[in-house]
Structures are given as structure tokens and as C-alpha cells.
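Undergrad:
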Amino acid sequence: METILVLAHTENDGSLAKPVREALHAAATLHKSLAGSKLVVGLIGDNVQAAANSIAACPATKYFGVTGAEFIQSRYASDATAAEAICKAAAATVVVAPATSRWARVLPGVAQRLGGRADTHVTGVAVAEGKISVSRWYYRQRMEGALTRTHRPWFIGIDPGSQEPCECGAGTASVEVVPVNLTDAAKRTTVIGIREPKADAQTIRPDAQLLFVTGAGWTKKQADGQTHLPEAEKLILGFLKQSLASLGSSKSLVDLSGEGQTVLPFLSHLNQIGQTGATPRHPKGLSTCCHGEEPHTVGWRFIGERRAVNLDPNCGWARGKADVIYVADAFKVMAKVNELLAAGKT
Ligand SMILES: Cc1cc2nc3c(=O)[nH]c(=O)nc-3n(C[C@H](O)[C@H](O)[C@H](O)COP(=O)(O)OP(=O)(O)OC[C@H]3O[C@@H](n4cnc5c(N)ncnc54)[C@H](O)[C@@H]3O)c2cc1C
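First residue of the sequence shown: 37, per the numbering used here; consecutive thereafter.
1. Put D291 into one of helix, strand or coil per three-state DSSP.
2. To the nearest whole angstrom, what separates the beta carbons of V132 and A53, a pair I think is in contact under 8 Å?
3. Would you please state the rounded distance, in angstroms, between the beta carbons of G81 and A87? I believe it to be under 8 Å.
4. Just to confirm, does E375 get its C-beta within under 7 Å of one of the non-hydrogen atoms of ligand 1?
5. Can you round the beta-carbon distance between E329 and G352 to whole angstroms, since I take them to be within the 8 Å contact cut?
6. Can you grab the Cα-Cα spacing for the pair P316 / H187, in whole Å?
7. Along the chain, which unbroken stretches of the alpha helix (DSSP H) at least 4 residues long are found entirely within the segment 101-165?
8. For the candidate residues A252, V369, G310 and H318, whose alpha-carbon lies nearest to that of Q199?
9. Quick one: Cα of K372 to Cα of L265, how far?
10. Quick test of the definition: if touching needs 3 or more C-beta pairs under 8 Å, does the segment 128-147 touch the segment 37-48?
11. Excluding the 5 residues preceding and the 5 following R138 in the sequence, name in chain order all residues of the same chain whose CB lies nearer than 8 Å to its CB.
12. Here's a check: name, in chain order, each residue in its chain whose Cβ is nearer than 7 Å to the Cβ of T65, leaving out the five neighbours to either side.
13. Run through DSSP, which three-state label would G340 get?
14. Please look up how many angstroms separate the CB atoms of L322 and R343, rounded, as I've assumed it's under 8 Å.
15. Given that a residue counts as buried once 16 or more other Cβ atoms are within 10 Å of its Cβ, and exposed if not, what is I230?
16. Which value, in whole angstroms, describes the spacing of the CA atoms of A135 and T156?
17. What's the C-alpha gap between L75 and Q245?
18. Report yes if the C-beta of E180 is less than 7 Å from at least one heavy atom of ligand 1; otherwise report no.
19. Is it buried or exposed, Y99, if we count other Cβ atoms within 10 angstroms and call 16 or more buried?
20. Any heavy atom of ligand 2 closer than 7 Å to the Cβ of T263?
21. Can you tell me where the beta strand (DSSP E) holding K223 begins and where it ends?
22. Closest by CA to W336, which one among S304, L247, V369 and V290?
23. Whole angstroms are fine: how far does the CA of V299 sit from the CA of L292?
24. Whole angstroms is fine: what's the gap from A221's alpha carbon to T333's?
25. Quick one: is the Cβ of D220 within less than 7 Å of any heavy atom of ligand 1?
26. How many angstroms separate the CA atom of D243 from the CA atom of A314?
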């Protein structure tokens with residue numbers, strides 16, 4: 037009989053982030069399909085009662101918590117100790133956890149301490165003939181593999197954005213506190229602050245409805261023989277501001293800064309989409325001034341509807357990689373789109 041543990045950390049304000057609800061959804065799916073299984077929740081944070089209450093209507097029968105100020109910040113040693121203690125208290129055989137950056141760092145180590153196994157970047161869970169199987173993508177999202185394991189405990193890290201978040205409502209949960217005494221060695225690392233871009237400079241928005249991709253064409257000489265970087269910057273930022281889209285880029289465009297050319301200052305390698313970049317998940321994508329070559333478009337694997345604006349009717353997008361291609365000047369198209377957005381017409 038499996039005991040499925042959803043293992044999560046709270047946010048600094050004590051709430052649970054969306055990836056936790058996604059992991060909970062995956063775990064509840066397993067629990068529903070596995071006769072005789074138990075679903076339990078383990079939470080780590082300063083005070084986890086509010087977080088437990090926020091999901092109290094989920095099918096979990098028990099809540100465990102490791103609490104205290106020492107567990108607010110992400111720190112490998114304290115997180116791993118707390119996670120290990122909860123896994124033991126729950127006697128978990130399957131641990132389903134959101135692959136937040138904090139947990140992705142810790143959980144394989146906890147699996148090792150408990151003699152278990154860990155699978156990362158899981159995007160799907162299922163039960164067939166009483167056996168759990170998980171799926172994930174390989175070779176830069178080109179091939180999907182499904183695997184099962186008999187070894188326990190089995191740690192399953194769920195990729196954020198890959199599941200529907202659990203809609204389970206609030207209530208009152210009874211949390212069993214699991215005592216953890218941290219040694220001084222486990223508290224050596226101190227988080228003294230977080231450096232992050234200002235909210236309006238944050239162009240990567242994983243939850244956005246639209247991925248807006250910019251390619252090197254924005255920096256190329258246009259029909260008048262000139263480049264138009266200030267105009268490109270204004271059009272791109274204007275569109276992002278009004279649409280709240282997430283900003284992606286081709287490798288060529290982000291590489292230009294490394295080559296010392298004048299480029300768009302708000303782009304970094306973090307925006308890069310593709311084989312050596314990111315593979316984000318958005319319902320829609322719009323590519324502009326980007327050729328649509330395979331190493332780039334492989335990063336569009338999880339984009340629902342794809343559209344591209346390119347001057348070249350033979351660009352890569354036109355070869356079956358986009359649902360709609362507009363053979364047009366992106367400078368003109370985006371100027372018009374921004375105008376319509378400003379007038380509230382789209
Ligand atoms: C091992 C390897 C890994 C790679 N990994 C990645 C990766 O992760 N991500 C990635 O993106 N690339 C990657 N690449 C590079 C990739 O093959 C392409 O070189 C790159 O994506 C091209 O970028 P681009 O389309 O922006 O530029 P270009 O190829 O220069 O295309 C610019 C496009 O802009 C269009 N254009 C110009 N002006 C306008 C206008 N006014 N309106 C509309 N269209 C206009 C042009 O018609 C052209 O199609 C990789 C390559 C290799 C070898």
C-alpha cells in the first residue's frame with residue numbers, strides 16, 4: 037500500500053505557491069487511482085497552519101509540519117533535515133514535490149539519505165495495472181519517456197506549469213508538528229537578502245497567456261539601410277507593458293551583447309528559448325523577427341498556438357512550425373498592435 041506524501045515549503049508570507057497545488061493535483065490523481073493508498077501532506081515553513089488550512093478540503097488524511105523561523109529561508113542543510121524528518125514521520129513510500137528551485141536543489145539529496153530514488157522534471161503521472169508511472173521529456177524536449185520504479189521511497193519532482201493546480205478549497209487542518217533540532221552546522225548559511233530585478237524590469241512571466249519572442253531581425257538593417265534599435269526597444273517594451281506577455285528571445289539576439297554590439301538592454305540569456313535555452317509553457321506564442329530555426333523552435337514544444345511575423349515567406353516558421361505566419365514587417369505590425377492595445381481595441 038502506497039503512502040503518498042505531498043512535500044512542500046511555504047512562501048515567506050506563509051501561503052502556498054501555485055506549483056504546490058500542481059503537485060497536489062498530481063498526487064491526488066495517483067491517490068485516486070491506487071486502491072488502498074493514503075495521501076498525506078508535509079509542510080515546511082515558519083508557521084504552516086494557514087497553508088494547511090488553505091488546502092484542507094483536499095483528499096489528504098493527515099498533515100505534518102516542520103515549523104520555525106529557521107525554516108523560512110531556502111537553505112540546503114535545514115531544508116534537507118526538515119524534509120527527511122517529515123518523510124520518516126509519514127513513512128512515505130512516494131513523495132510528490134513541486135520542482136521549485138528550492139526543492140529541486142534538496143530533494144535528490146533527501147532521497148539519497150533515505151536510500152530512495154528521485155526523478156526530476158516529471159511532467160505527467162499515471163497509474164496503469166496498479167503501477168505508478170511518470171513521464172518526462174528527454175533530448176531537449178524532443179522525446180517523451182515513461183518510467184516506473186519498484187524502489188521506495190520514490191521522490192517525484194513535478195515541473196511547475198505542467199499540471200492543473202488543485203482547486204481544493206480551504207478548511208481547518210490539524211497539523212502534527214514534527215520536531216527537528218538543527219545542529220549549528222545546519223545553520224551555517226545565512227540568507228542576507230535577495231537581489232532581483234524591479235517588478236517592471238521582470239520580463240520573464242511564466243504564468244503569462246502569451247510568449248512574445250524577439251529575434252535578431254529587430255537589430256538588422258531594415259529597408260532604408262539603417263538599424264532602428266531605439267524604435268525596436270520602444271515597440272517591444274510598449275507591447276510587453278500593455279499585453280503583460282512573457283519575453284523570449286532567439287539565441288542570436290541575446291548573443292549579440294556578448295559580442296559587444298549595441299543590443300536591447302533588457303534581454304539576457306535567461307530570455308533565450310530553444311535547445312540551449314528555456315522551454316516555457318504558455319497557451320500562445322508570437323514570434324517576431326526570428327527565423328524559426330529548429331534549435332530555436334524546439335523550445336516551443338509546450339506553446340499552444342504559434343504565430344510568427346517575418347518578412348521572409350520561406351523562413352523556418354513557414355515550414356510547418358507555426359499555425360499562422362504573417363509575412364510582414366514586424367516594426368509596422370507591432371506599431372499597429374500597440375496602437376490598437378492603447379485604444380483598447382484588442
Ligand atoms: C548547438 C546549437 C544550439 C542552439 N541553441 C539555440 C537556442 O537555444 N535558441 C535559439 O534561438 N537558437 C539556438 N541556436 C541558433 C539557431 O540555430 C539560430 O541561429 C538562431 O535561432 C537564429 O536567430 P534569429 O532567428 O533571431 O536570427 P536570424 O537567423 O538572423 O533571423 C532574423 C530573422 O528576422 C527576420 N526579419 C528581419 N527584419 C524583419 C522585420 N522588419 N520584420 C519581420 N522579420 C524580420 C529575417 O527575415 C530573419 O528571418 C543554436 C544553434 C546551435 C548550433
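Glycine is no exception: its CB is placed at the ideal position from the N, C-alpha and C atoms. What you are looking at is a predicted structure, and each value in this text was computed from that prediction instead of being measured.
TA: This is what the structure gives:
1. helix
2. Wrong, their Cβ atoms sit about 15 Å apart, outside the cutoff.
3. 7 Å
4. no
5. 5 Å
6. 31 Å
7. 112-126 and 137-149
8. H318
9. 18 Å
10. yes
11. H45, S110 and D115
12. V161
13. strand
14. 5 Å
15. exposed
16. 8 Å
17. 32 Å
18. no
19. buried
20. In terms of ligand content, the structure shown lacks ligand 2 and carries ligand 1 instead.
21. Run containing K223: none; DSSP gives neither H nor E here.
22. L247
23. 7 Å
24. 46 Å
25. no
26. 14 Å
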